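In my numbering, the protein residues as written are 223 to 464.
Idealized CB from N, CA, C, for every residue including glycine.
Values in this document were obtained by computation on a predicted structure and should not be read as measured data.
This report refers to the structure that appears directly beneath it.
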Amino acid sequence: MPRLFLKLLLFFLLFFFQIADSKAQNDVAKKADSLFSAKKYSEAANIYELIFKDNQVNKPNISLKLAYIYESLGDFPKAIYYLNNYYNLNPDDEVFEKMNKMALENKFTGFERSDLNFILVLYQQFYIFILYSVILIGIFILIILFRKKIYNKKILRRHLILVGLFIVFLLVFINVPNTYQSAIINKSTYFREYPSSGSPIIGSIEKGNKINIFGQEDIWLKVLWNRKIVYIHKNDTWILNG
C-alpha cells in the first residue's frame, strides 16, 4: 500500500511540474511574441533562440520568425540557417526559392537544387515511411522463408544471399540518420585533411555557406568538399535540424 501511494504521489508531482513547465514556457513564448510585435527584434530573437532548443515548441513557427528577424537585421547567415530549418520541417517550393534567392544575393553556396541535395531532402522528409516499408518487406520475406522451412521446401542459395544483402541494406539505412546532417558555416574557417587541428589545411569556406556532413570523429565533422572527404571543426558550424 505505501508503495502504491508513493507511485501515485510521484505521478502527481511529475504531472504537476510538467504543467508548470509548460505554463512557464508559454509565458516566455508570449513575451517573445510581444517583443516581436513591438519590432524589438534583438530582444525577441534572444528569447526565441532559447526556446528553439526545446523539442516541445512549435519549431516551424519560431524558425520563420527568427529567419524574418535576422533578415531584417541584415544577418543573412543566421536568416538562411533558420529558413533552412523551416524548409527541412516543411519542404515547400516557395520557401526554397526564397532561400535560394538569399543565397545567390549573398554568394552562399550549397543551397542550389543539386541531385544530391534533392535526394537528401527527400530522404529526410520520407525516412519513416521508407523505413516502415522496408521493414514490412523484410517481414514478408521472413514469412516466406519460414513457410518453406515448415514444409521442408528447398531454400535456394541465391535467396539466402539476397536476404543477407537485404539485412545489410536495412542496417545501413537505419544508421544513415546518425551520420548524415547538413550545417551552415557560422564563421570563416578551414577544411583539414585529417580530424586534427595540426592537420594540413586544404581549403577554406566562408560564413553562410552550407555543407553536407557524412560522419563525425570527436569534435570534427566529415564533409564532402570538391569530391574529397575533408574535416571541419564542429564549433564552426550551425547544425541544421533533420
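Have a look at ASN280, ILE291, GLY437 and LYS432 and flag the residue whose alpha-carbon is nearest the alpha-carbon of ARG335. LYS432 is the residue among ASN280, ILE291, GLY437 and LYS432 whose C-alpha sits nearest the C-alpha of ARG335.
Could you say which of ASN434, ILE451 and SER418 lies nearest to ASP440 if we only look at CA atoms? It is SER418 whose Cα lies nearest to the Cα of ASP440.
Can you give me the C-alpha to C-alpha distance between ASP255 and TYR270, rounded to a whole angstrom? If you take the alpha carbons of ASP255 and TYR270, they lie about 9 Å apart.
Local conformation of ILE435 per DSSP, three classes: Residue state, collapsed to three classes: strand.
Apart from the five residues just before and just after ILE291, which ones in its own chain have a Cβ nearer than 6 Å to its Cβ? Counting only residues of its own chain and dropping the five nearest sequence neighbours on each side, ILE291 has a CB closer than 6 Å to the CB of TYR263 and ALA267.
Cβ neighbour criterion (16 or more within 10 Å) applied to TYR453: Burial state of TYR453 is buried, judged by a 10 Å Cβ sphere holding 16 or more other Cβ atoms.
For the ligand ADP, any of its heavy atoms closer than 7 Å to the Cβ of PRO282? In the structure on display, the ligand ADP does not appear, and there are no ligands present to speak of.
Does the Cβ-Cβ distance between GLN438 and LYS429 come in under 8 Å? The Cβ atoms of GLN438 and LYS429 do not sit closer than 8 Å to each other.
8 Å contact criterion, which ALA289 and TYR308 should meet: CB distance rounded: Rounded to whole angstroms, the Cβ separation of ALA289 and TYR308 is 7 Å, and the two are in contact under 8 Å.
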